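Trainee: Chains as they are written, first to last, in UniProt numbering: chain A, 1 to 266; chain B, 1 to 266. Backbone N, C-alpha and C fix where the C-beta goes; we use that ideal spot for every residue, glycine too. Being a predicted model, the structure only gives us computed values, none of them experimental. The structure is given below, and queries will be raised subsequently.
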DNA sequence: GAGTGGTCTAGACCACCCG
DNA sequence: GGGTGGTCTAGACCACTCG
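Printed below as a string of structure tokens:
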């Protein structure tokens, strides 16, 4: 509970005593780690372990400072970074909350397909297939699974204003998403990441996408109601939870006749 | 030179006296602006005016603190945000430098097309056309120009390892890029944004892209060496300089047979 | 050794929210 | 009025760079 020595500005103790700079004598790597980074890691642990659940209020800065025996400023800097990474949300006068996918604000962080005209809104969702299967080699590799491990395969079609626009396939590690069925997916309202977070305790915090242009194959063409060969945007996404652990592979085909993938470079 | 009052912690002056909270009596809007935001705006002004040029060292934090009559911590927070926005780069022990597009590090911030295998590298560049013309209506609107204003039109083909992969069209405000010719584009080595920055004093700091899948038209198909109708990624980019001023419209067609558009959602 | 950014602390006060 | 995050200051020390 108290892995950190205190460092009053002028005391005689060794600053950064726990930071690793002395411990790395053999490795010859500096591995200096500031105090606030260590605090950040401790807070992240509590987030990951579920001590504070998505949507909940975490202890105040002064409280955390007391717990970790550091100044409020140090806790503040740690939380600043967590807020910048969207793991946590600050609200002045109220406190700091664990981020959740159950908010309007979060919904369009991972859904980047916007209508060319009009305001963004949520698509209708039709589940086409859900099954448990042995992970194909490529999927296993991208999800860091052993070849042959079980995965849940999901296929779904999403429509904006009745117009089929997104055809998606997902692969999820079977060990984590045990018991995920078409019924539960159908019943659930709101974004799929909200369900993952609430029902399976797995929160997506980061994703990496590779985007290509492809021609619609016969199956996709029929489902999306376009001619075979119609150019589609293909987005292959790997999502990660705490600790950079891959927990989702998703391949989406986007019809971009009246929508576009929005990206801001900054 | 001294638009800011000083705010010692315990003095009797009115804190945030220049922040606008009192000045907005009629408008009823809070419009409270912290000191460090005002400092940030002042530093940004100096960047925009060219007082410190891309690649140059800006004054040290203590020096700026003295100039603006605030504490180093306040200057620090201002620079922190500028560094987060890539306007400035900090280097411990050396100082803070104005960001420039003349660095390896910056080159792939706006070029997101990566090879499916192997390490990212720079494409060869072949200028196909450069001309001065009257801005088409759509271009004028996106660049906030008056319909009929002059624009520079550029068409170029980029190849990776000899394979044509990117076909791009650009529209630049004629008033800013006066004297831009095919020769200067051909002679210039390195990224185009580097030339814009060095030769025309206009630094791109942000861009917004809309991405679609399209079929190759006959002209594009021939230049890229593919069949007509081949699916291509179409990225329409509007770039901005200081003050959110649009200064470039770019439409790129990407052949994604052996490359992909890389995007990280975080 | 001098100068720079980076960390850490302590304390004061402000803006915001709620009971 | 009391609690929360947000701002601002001042001072000390650390890590890094360079002459």
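What is the DSSP secondary structure of residue 238 of chain B, counted as helix, strand or coil?
Mentor: Looking at residue 238 of chain B - three-state DSSP - the assignment turns out to be strand.
Trainee: Taking DSSP as the reference, what is the three-state secondary structure of residue 243 of chain B?
Mentor: Helix at residue 243 of chain B.
Trainee: Pick out whichever of A:209, A:114, A:225 has its Cα sitting closest to the Cα of residue 269 of chain B.
Mentor: Not covered by the structure: residue 269 of chain B. The range shown for chain B is 1 to 266.
Trainee: Where residue 154 of chain B and residue 190 of chain B are concerned, what is the direct C-alpha to C-alpha distance, given to the nearest angstrom?
Mentor: One C-alpha to the other measures close to 17 Å.
Trainee: Buried or exposed: which applies to residue 224 of chain B, given that a residue is buried once 16 or more other Cβ atoms fall within 10 Å of its Cβ?
Mentor: With 16 or more other Cβ atoms within 10 Å, it is buried.
Trainee: Using beta carbons (cut-off 9 Å, strictly below), is residue 78 of chain A in contact with chain B?
Mentor: So, not an interface residue.
Trainee: Curious, which full-length alpha helix (DSSP H) runs of at least 4 residues does the segment 115-186 of chain B contain?
Mentor: Taking only runs of at least 4 residues, the alpha helix (DSSP H) segments lying wholly in the segment 115-186 of chain B are 137-142.
Trainee: So what's residue 198 of chain A in DSSP terms, helix, strand or just coil?
Mentor: It is helical.
Trainee: Would you kindly report the start and end of the unbroken alpha helix (DSSP H) that includes residue 43 of chain A?
Mentor: It spans 35-49 - the alpha helix (DSSP H) in which residue 43 of chain A sits, taken as one unbroken run.
Trainee: For the beta strand (DSSP E) holding residue 74 of chain B, just list the boundary residues, first then last.
Mentor: Unbroken run through residue 74 of chain B is the alpha helix (DSSP H), 72-84; no beta strand (DSSP E).
Trainee: What's the call for residue 264 of chain A, buried or exposed, on a 16-neighbour Cβ count within 10 Å?
Mentor: Its Cβ having fewer than 16 others within 10 Å, residue 264 of chain A is exposed.
Trainee: Compute the distance between the beta-carbons of residue 229 of chain B and residue 221 of chain B, then report whether it is under 9 Å.
Mentor: In contact: residue 229 of chain B and residue 221 of chain B (Cβ atoms closer than 9 Å).
Trainee: For chain B, is any of its Cβ atoms less than 9 Å away from the one on residue 260 of chain A?
Mentor: It does; some Cβ of chain B falls within 9 Å.
Trainee: Could you check if residue 235 of chain A is buried or exposed, using at least 16 other CB atoms within 10 Å of its CB as the buried criterion?
Mentor: Classification of residue 235 of chain A: buried, given that the 10 Å Cβ count is 16 or more.
Trainee: Is it true that the segment 141-157 of chain A meets the segment 169-187 of chain A, where meeting means three or more beta-carbon pairs spaced less than 8 Å apart?
Mentor: They touch, by the three-pair rule.
Trainee: Just verifying my parser: in three-state terms, what is the DSSP assignment at residue 227 of chain B?
Mentor: Correct three-state label for residue 227 of chain B: coil.
Trainee: Tell me where the beta strand (DSSP E) around residue 207 of chain B begins and ends.
Mentor: Its beta strand (DSSP E) spans residues 206-215.
Trainee: Between the Cα of residue 172 of chain A and those of A:55, A:33, A:239, spot the shortest distance and give me the residue it belongs to.
Mentor: With distances taken between Cα atoms, residue 172 of chain A lies closest to A:239.
Trainee: Would you list, in chain order, the members of the segment 76-106 of chain B that have their beta-carbon closer than 9 Å to a beta-carbon of chain A?
Mentor: Result list: 84, 85, 86.
Trainee: Find the nearest neighbour of residue 102 of chain A within the set A:251, A:130, A:72, A:54, judged by alpha-carbon distance.
Mentor: Here the closest residue by C-alpha is A:54.
Trainee: So with CB distances below 7 Å, who are the chain A contacts of residue 209 of chain B?
Mentor: By Cβ distance, chain A contributes 263, 265.
Trainee: Look at the alpha carbon of residue 242 of chain B and the alpha carbon of residue 106 of chain B, and state the distance between them as a whole number of angstroms.
Mentor: Their backbone Cα atoms lie some 17 Å apart in a straight line.
Trainee: Just to confirm the assignment, what range does the alpha helix (DSSP H) spanning residue 64 of chain B have?
Mentor: Start and end: 61-68.
Trainee: What residue range is occupied by the uninterrupted beta strand (DSSP E) comprising residue 90 of chain B?
Mentor: Element bounds for residue 90 of chain B: 88-91.
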